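Below is one structure; the comments refer to it alone.
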Amino acid sequence: MDNLFADALGQWLADRCTPETIRALEKQPQPNHTLWTKLQTSGFADALVPEDQGGAGLTLAEAYPLVELCGQYAMPFPFAETMLGRAWLAQAQLPRPEGALALTHAIASPEGLCTGGVRGARLAQATLVAFDQQVRLLPLASARLEPDVFPLDARLHWKQADWDRAPTVGDLRELRTSLAALYAGLTAGALLHIFSRTLQYANERQQFGKPIGKFQAIQHQLSVMSEHVFAARMSAQLAFTDNGLTVDTLRTAIAKARTSEAALEVAALSHSIHGAIGFTAEYDLQLFTRRLNLWRQTAGSESYWHDQVGASALAHPGLSLDLIRQATDLTC
Amino acid sequence: MSQLDSLNPQAIPAEDEALRSEVRSFLSEALKDVPAHIRARSWSGYDPAFSRKLGELGWLGITLPTEYGGGGRSAYARYVLVEEFLNSGAPVGSHWIADRQSGPLILKYGSEAQKRRYLPAICKGEAFFCIGMSEPGAGSDLASVRTRAVRHPSGWVLNGQKIWTTNAHHCHFMIALVRTSGEASDRHQGLSQLIVDLSLPGVTVRPITDLSGDSHFCEVFFDNVQLPEDALIGAEGAGWEQVTAELAFERSGPERLYSSIVLFDQWLDFVRTPAGHTPQAQRLAGKIISQLAPLRALSISITEKLTRGESPVVEAALVKDLGTGVEQLIPNAIADDLAGRLDAPIPLELLQTLNYVTQVAPSFSLRGGTRDILRGMIARGLGLR
Numbered sequence: 404m405d406n407l408f409a410d411a412l413g414q415w416l417a418d419r420c421t422p423e424t425i426r427a428l429e430k431q432p433q434p435n436h437t438l439w440t441k442l443q444t445s446g447f448a449d450a451l452v453p454e455d456q457g458g459a460g461l462t463l464a465e466a467y468p469l470v471e472l473c474g475q476y477a478m479p480f481p482f483a484e485t486m487l488g489r490a491w492l493a494q495a496q497l498p499r500p501e502g503a504l505a506l507t508h509a510i511a512s513p514e515g516l517c518t519g520g521v522r523g524a525r526l527a528q529a530t531l532v533a534f535d536q537q538v539r540l541l542p543l544a545s546a547r548l549e550p551d552v553f554p555l556d557a558r559l560h561w562k563q564a565d566w567d568r569a570p571t572v573g574d575l576r577e578l579r580t581s582l583a584a585l586y587a588g589l590t591a592g593a594l595l596h597i598f599s600r601t602l603q604y605a606n607e608r609q610q611f612g613k614p615i616g617k618f619q620a621i622q623h624q625l626s627v628m629s630e631h632v633f634a635a636r637m638s639a640q641l642a643f644t645d646n647g648l649t650v651d652t653l654r655t656a657i658a659k660a661r662t663s664e665a666a667l668e669v670a671a672l673s674h675s676i677h678g679a680i681g682f683t684a685e686y687d688l689q690l691f692t693r694r695l696n697l698w699r700q701t702a703g704s705e706s707y708w709h710d711q712v713g714a715s716a717l718a719h720p721g722l723s724l725d726l727i728r729q730a731t732d733l734t735c
Numbered sequence: 012m013s014q015l016d017s018l019n020p021q022a023i024p025a026e027d028e029a030l031r032s033e034v035r036s037f038l039s040e041a042l043k044d045v046p047a048h049i050r051a052r053s054w055s056g057y058d059p060a061f062s063r064k065l066g067e068l069g070w071l072g073i074t075l076p077t078e079y080g081g082g083g084r085s086a087y088a089r090y091v092l093v094e095e096f097l098n099s100g101a102p103v104g105s106h107w108i109a110d111r112q113s114g115p116l117i118l119k120y121g122s123e124a125q126k127r128r129y130l131p132a133i134c135k136g137e138a139f140f141c142i143g144m145s146e147p148g149a150g151s152d153l154a155s156v157r158t159r160a161v162r163h164p165s166g167w168v169l170n171g172q173k174i175w176t177t178n179a180h181h182c183h184f185m186i187a188l189v190r191t192s193g194e195a196s197d198r199h200q201g202l203s204q205l206i207v208d209l210s211l212p213g214v215t216v217r218p219i220t221d222l223s224g225d226s227h228f229c230e231v232f233f234d235n236v237q238l239p240e241d242a243l244i245g246a247e248g249a250g251w252e253q254v255t256a257e258l259a260f261e262r263s264g265p266e267r268l269y270s271s272i273v274l275f276d277q278w279l280d281f282v283r284t285p286a287g288h289t290p291q292a293q294r295l296a297g298k299i300i301s302q303l304a305p306l307r308a309l310s311i312s313i314t315e316k317l318t319r320g321e322s323p324v325v326e327a328a329l330v331k332d333l334g335t336g337v338e339q340l341i342p343n344a345i346a347d348d349l350a351g352r353l354d355a356p357i358p359l360e361l362l363q364t365l366n367y368v369t370q371v372a373p374s375f376s377l378r379g380g381t382r383d384i385l386r387g388m389i390a391r392g393l394g395l396r
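Chains A and B, in that order, are what the protein sequence lines are.
Following my numbering, the numbering of the first sequence begins with 404 at its first residue and continues without gaps.
Following my numbering, the numbering of the second sequence begins with 12 at its first residue and continues without gaps.
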């Protein structure tokens with residue numbers, strides 16, 4: 404683990420990725436906001452780019468803490484996507500454009516191709532699009548944007564000609580899986596934040612003459628919350644054990660499923676413990692629980708990935724332990 | 012934030028992982044004719060000959076030092092062995108408690124003479140132990156035990172009663188938590204652990220039949236049982252601290268994930284057949300594996316802490332509470348799946364295993380500490396208590 408890198412990013416986000424900034428961007432998305440321009444000049448965006456191409460040369464395993472941090476600070480820009488996307492561009496020997504990168508897959512449309520809601524599209528300047536068995540780099544400037552449900556997201560439409568002239572980033576076909584792994588890591592980060600915030604609230608909020616955390620019913624809810632948080636986090640860490648840039652499909656499937664399950668449980672428990680204040684726009688909990696709900700619905704919900712894991716289980720005769728080992732064992 | 016932050020993925024060392032294939036091939040031969048509903052009993056299954064065979068193979072007391080007949084290996088080696096035993100449904104109940112907690116307890120707190128007397132026998136599968144903790148008036152509130160040992164010129168005199176003692180009727184020894192001074196109101200003070208030879212006069216063991224028809228737990232009565240001086244293990248009055256350390260061993264193992272795994276694998280085999288496959292069953296299989304996988308990684312992370320000599324009490328409580336939840340989900344969800352197939356014949360063998368596991372599932376979150384006790388421990392670890 405490159406802890407120095409993670410420590411530096413953690414400090415950076417603590418100073419700049421504040422709730423006020425997140426709220427301002429959600430109100431009015433600005434791709435050139437200083438949160439992004441300063442992040443880009445700091446070099447963090449090239450964490451996964453090889454050193455001989457000007458990056459930090461981290462592996463996915465080493466980059467896990469960075470992704471988790473983005474979740475912990477509810478980073479509004481698609482920074483995790485940008486880190487991975489820039490590494491793919493470097494791998495394809497393509498120039499890396501300024502601005503944040505969104506990742507998405509697309510389907511055919513009458514005019515060419517279109518997407519569902521793309522996370523962070525209103526803050527990105529380009530998109531890596533998986534379509535027709537290829538991944539290509541398409542600028543946002545050429546896209547027609549339609550609203551999606553989250554203020555930072557959009558549905559994108561391009562003409563066939565835009566696709567035809569876009570550079571191919573390689574024959575990468577694992578965009579969907581990679582995106583799921585990133586959102587598992589982001590979700591794990593948000594879970595950690597919500598857990599520590601809720602624990603703190605339970606220790607501070609007084610009712611019946613004592614902190615509510617002194618009541619057994621609240622203690623048990625927090626215990627259950629910790630179980631979901633740390634099981635989900637473990638699953639996300641396991642999806643990031645590759646010493647290159649490739650995520651393992653089975654591990655990612657488990658991670659996205661488990662973090663999505665935990666997202667639901669932890670969001671509900673945190674709101675239950677916070678009471679009405681947690682339901683207000685003014686209180687920061689919503690910045691995180693709204694994301695938990697959104698991220699659960701990003702890159703496949705738990706049932707989508709349960710189906711994938713189930714397919715592996717059915718194709719893998721013998722003890723289920725052997726599949727579970729394949730999904731959990733680290734090599735020494 | 013808390014010690015839970017340090018639960019990170021860990022690798023099982025290659026030399027310990029290497030045990031797996033040897034154990035697996037032994038077990039697949041030894042259990043090839045045992046039906047799944049019997050294998051599903053696993054660490055509730057009792058077979059002293061099987062335990063002695065494991066002892067001959069060097070697979071009991073594998074973490075105990077070689078000078079006491081043990082394997083001198085790390086907690087990882089035991090993790091691999093136990094994981095294989097549980098997943099194959101090996102009848103490991105006879106030696107289970109001795110191997111898991113009594114042996115390590117004697118090693119940690121016992122005198123040299125006690126270690127020489129008990130540990131080699133544990134490693135051979137010749138000394139089976141049970142845990143004397145619960146009493147009629149002391150369940151979750153363990154500190155309120157009333158069984159009392161009184162000093163006597165030649166040792167101790169023991170009077171009282173234990174209950175819910177797993178396998179007491181098949182065991183040679185009990186390590187009992189008893190009061191040696193003070194009153195029940197003194198709570199954690201005045202408690203000690205004694206090794207009780209269950210063949211002594213004055214000991215009466217009465218099996219209790221559980222709701223599945225099995226008799227694996229017992230009442231044990233002590234009526235003026237004369238114990239020698241060296242029945243005391245560890246320090247007099249240190250019983251609470253010792254029993255807490257013992258419970259960390261009890262709760263840290265992979266047996267808190269795999270109690271329903273024989274059923275799950277048998278059901279999966281059915282779902283793999285053309286007659287058994289449905290999209291709903293495939294999704295359920297994925298859900299269960301997605302819950303088990305991170306739990307296994309957490310369990311290995313706890314094992315890593317054991318190898319460093321830590322006592323990961325809170326982490327173990329977390330994994331046990333979550334793990335028993337999945338263990339209980341498995342029979343419930345499989346029953347829902349199978350009983351939803353109104354027009355399809357379900358193999359009887361599968362239903363027999365389902366019936367057994369469904370009946371015993373409530374015990375998964377009782378034995379070794381109830382849900383509420385575990386959640387209280389986690390809350391203490393989080394600084395809430």
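We put the beta carbon where it would ideally sit given N, CA and C, even for glycine.
Every value quoted in this text rests on a predicted model; they were computed, and no experiment measured them.
Query raised in the report: Which one of 529(A), 515(A), 578(A), 552(A) has the shortest CA to CA distance from residue 562(A)?
Result: Here residue 562(A) refers to the residue found at position 159 of the first sequence. When each option's Cα is compared against that of residue 562(A), the closest is 515(A).
Query raised in the report: Around the Cβ of residue 631(A), are there at least 16 other Cβ atoms within 10 angstroms (buried) or fewer (exposed)?
Result: Here the question's residue 631(A) lines up with position 228 in the first sequence. That one is buried.
Report task. Could you confirm whether any beta carbon from chain B is found closer than 7 Å to the beta carbon of residue 710(A)? Result -> Along the first sequence, read from residue 1 onward, the residue named residue 710(A) stands at position 307. Yes, because at least one Cβ of chain B sits closer than 7 Å to the Cβ of residue 710(A).
Report task. Please say whether residue 483(A) and residue 524(A) have beta carbons closer to each other than 7 Å? Result -> The residue given as residue 524(A) occupies position 121 in the first sequence. The residue given as residue 483(A) occupies position 80 in the first sequence. Against a cut-off of 7 Å, the Cβ pair of residue 483(A) and residue 524(A) comes out as no contact.
**Report entry** Near-chain A residues of the region 370–392 of chain B (beta-carbon distance less than 9 Å), N- to C-terminal order
**Finding:** 382, 383, 385, 386, 387, 388, 389, 390, 391, 392
**Report entry** Short CB-CB distance (under 7 Å) between residue 153(B) and chain A
**Finding:** The residue given as residue 153(B) occupies position 142 in the second sequence. No - not a single Cβ of chain A is within 7 Å of the one on residue 153(B).
Query raised in the report: Should residue 373(B) be labelled buried (16 or more other beta-carbon atoms within 10 Å of its own) or exposed?
Result: Taking the second sequence and counting its residues from 1, the one referred to as residue 373(B) is at position 362. So residue 373(B) counts as exposed.
Query raised in the report: Mind listing which residues of the region 715–730 of chain A have their C-beta closer than 7 Å to chain B's C-betas, in chain order?
Result: 716, 717, 720, 722, 723, 724, 726, 727, 730
Query raised in the report: At a Cβ threshold of 7 Å, is residue 297(B) touching chain A?
Result: The sequence position of residue 297(B) within the second sequence is 286, counting from 1. Answer yes: the Cβ-Cβ gap between residue 297(B) and chain A drops below 7 Å somewhere.
Query raised in the report: Checking contacts by CB at 7 Å: is residue 419(A) closer than that to chain B?
Result: Along the first sequence, read from residue 1 onward, the residue named residue 419(A) stands at position 16. So, not an interface residue.
Query raised in the report: Three-state secondary structure (DSSP) at residue 235(B)?
Result: As a working mapping, residue 235(B) is identified with position 224 in the second sequence. Three-state result, residue 235(B): strand.
Report task. Using a cut-off of 8 Å between C-beta atoms, extract the partners of residue 44(B) located in chain A. Result -> Start at 1 with the first residue of the second sequence, and residue 44(B) comes out as number 33. By Cβ distance, chain A contributes nothing, its closest Cβ being about 18 Å from residue 44(B), past 8 Å.
Query raised in the report: With contact counted as at least three CB pairs below 8 Å, one residue from each stretch, are the region 312–321 of chain B and the region 651–661 of chain A in contact?
Result: no
**Report entry** Exposure of residue 261(B), with buried meaning 16 or more beta-carbon neighbours within 10 Å
**Finding:** Along the second sequence, one-based indexing puts residue 261(B) at 250. Flag for residue 261(B) reads buried.
Query raised in the report: residue 70(B) by DSSP, collapsed to three states: which one?
Result: Within the second sequence, numbered from 1, the residue matching residue 70(B) stands at position 59. Coil at residue 70(B), not helix or strand.
Report task. Taking 7 Å as the cut-off, decide whether the C-beta atoms of residue 616(A) and residue 395(B) are in contact. Result -> Along the first sequence, read from residue 1 onward, the residue named residue 616(A) stands at position 213. Along the second sequence, read from residue 1 onward, the residue named residue 395(B) stands at position 384. Contact: yes.
Query raised in the report: Does residue 348(B) have its Cβ less than 7 Å from a Cβ in chain A?
Result: Taking the first residue of the second sequence as 1, we reach residue 348(B) at position 337. Not closer than 7 Å to any Cβ of chain A, the Cβ of residue 348(B) fails to qualify, so no.
Requested in this report: Mind listing the chain A neighbours of residue 272(B)? Cutoff is C-beta to C-beta under 9 Å, in chain order.
Outcome: As a first step, residue 272(B) is located in the second sequence; it is residue number 261 there, counting from the start. Residues of chain A passing the Cβ test: 722, 723, 724.
Query raised in the report: For residue 676(A) and chain B, any beta-carbon pair shorter than 7 Å?
Result: Taking the first residue of the first sequence as position 1, residue 676(A) is located at position 273. Not closer than 7 Å to any Cβ of chain B, the Cβ of residue 676(A) fails to qualify, so no.
**Report entry** Contact list for the region 653–684 of chain A against chain B, Cβ threshold 7 Å
**Finding:** 657, 660, 661
Report task. Give the DSSP-derived three-state secondary structure of residue 43(B) in the structure shown. Result -> Residue numbering aside, residue 43(B) sits at position 32 when the second sequence is read from its first letter. Correct three-state label for residue 43(B): coil.
Requested in this report: Check the Cβ-Cβ distances between residue 234(B) and every residue of chain C, and say whether any is below 7 Å.
Outcome: The structure shown contains no chain C; the protein chains it does contain are A and B.
Query - Chain-ordered residues of the region 470–484 of chain A with a beta carbon less than 8 Å from chain B - result: none
Query raised in the report: residue 489(A): which of 480(A), 715(A), 448(A) sits nearest, CA to CA?
Result: To locate residue 489(A), count along the first sequence from 1; it is residue 86. The shortest Cα separation from residue 489(A) among 480(A), 715(A), 448(A) belongs to 448(A).
Query - Residue range of the alpha helix (DSSP H) that includes residue 473(A) - result: Against the first sequence, residue 473(A) aligns to sequence position 70. Segment 463–475, the alpha helix (DSSP H) holding residue 473(A).
Query raised in the report: What is the DSSP secondary structure of residue 404(A), counted as helix, strand or coil?
Result: As a working mapping, residue 404(A) is identified with position 1 in the first sequence. Summary for residue 404(A): the model assigns pLDDT 45, below 50, so the residue's position carries little reliability, and this model does not support an answer.
Requested in this report: Just the C-alpha distance for residue 719(A) and residue 642(A), rounded to the nearest angstrom, thanks.
Outcome: Numbered from 1 along the first sequence, position 316 holds the residue referred to as residue 719(A). Numbered from 1 along the first sequence, position 239 holds the residue referred to as residue 642(A). One C-alpha to the other measures close to 20 Å.
Query raised in the report: Given that a residue counts as buried once 16 or more other Cβ atoms are within 10 Å of its Cβ, and exposed if not, what is residue 536(A)?
Result: Position 133 of the first sequence holds residue 536(A). It counts as exposed.
Query - Short CB-CB distance (under 7 Å) between residue 607(A) and chain B - result: On the first sequence, residue 607(A) is found 204 positions in, with the first residue counted as 1. It does not; no Cβ of chain B falls within 7 Å.
Query raised in the report: Beta-carbon of residue 14(B) versus every beta-carbon of chain A: anything under 7 Å?
Result: Reading the second sequence from its first residue, position 3 is the one you call residue 14(B). Chain A, which has no Cβ nearer than 7 Å to the Cβ of residue 14(B), makes this no.
Query - residue 331(B) to residue 160(B) span [Cα, whole Å] - result: On the second sequence, position 320 is the one that residue 331(B) refers to. On the second sequence, position 149 is the one that residue 160(B) refers to. Cα to Cα, residue 331(B) sits roughly 32 Å from residue 160(B).
Requested in this report: Measure how close the beta-carbons of residue 106(B) and residue 177(B) come, nearest whole angstrom, since I'm counting them as under 8 Å.
Outcome: For the purposes of this step, residue 106(B) is identified with residue 95 of the second sequence, where counting begins at 1. For the purposes of this step, residue 177(B) is identified with residue 166 of the second sequence, where counting begins at 1. Contact flag wrong, Cβ pair sits at about 12 Å.
Query raised in the report: How would you call residue 353(B), buried or exposed, if buried means at least 16 neighbouring beta carbons within 10 angstroms?
Result: Counted from its first residue, the second sequence places residue 353(B) at position 342. By the neighbour-count rule (16 or more Cβ atoms within 10 Å), residue 353(B) is not buried but exposed.
**Report entry** Neighbourhood of residue 404(A) by C-beta distance below 7 Å, restricted to the same chain and skipping five residues each side
**Finding:** Position 1 of the first sequence, counted from the start, is the residue given in the question as residue 404(A). Confidence is the limiting factor: at residue 404(A) the pLDDT is only 45, short of 50, which leaves the residue's position unreliable and the question unanswerable from this model.
**Report entry** C-alpha gap between residue 151(B) and residue 550(A), whole angstroms
**Finding:** Translated into positions along the second sequence, residue 151(B) becomes position 140. Translated into positions along the first sequence, residue 550(A) becomes position 147. For residue 151(B) and residue 550(A), the distance between alpha carbons rounds to 56 Å.
Query raised in the report: Applying a beta-carbon distance threshold of less than 9 Å, which residues of chain A neighbour residue 282(B)?
Result: On the second sequence, residue 282(B) is found 271 positions in, with the first residue counted as 1. Under the 9 Å cutoff, chain A gives 713, 716, 717.
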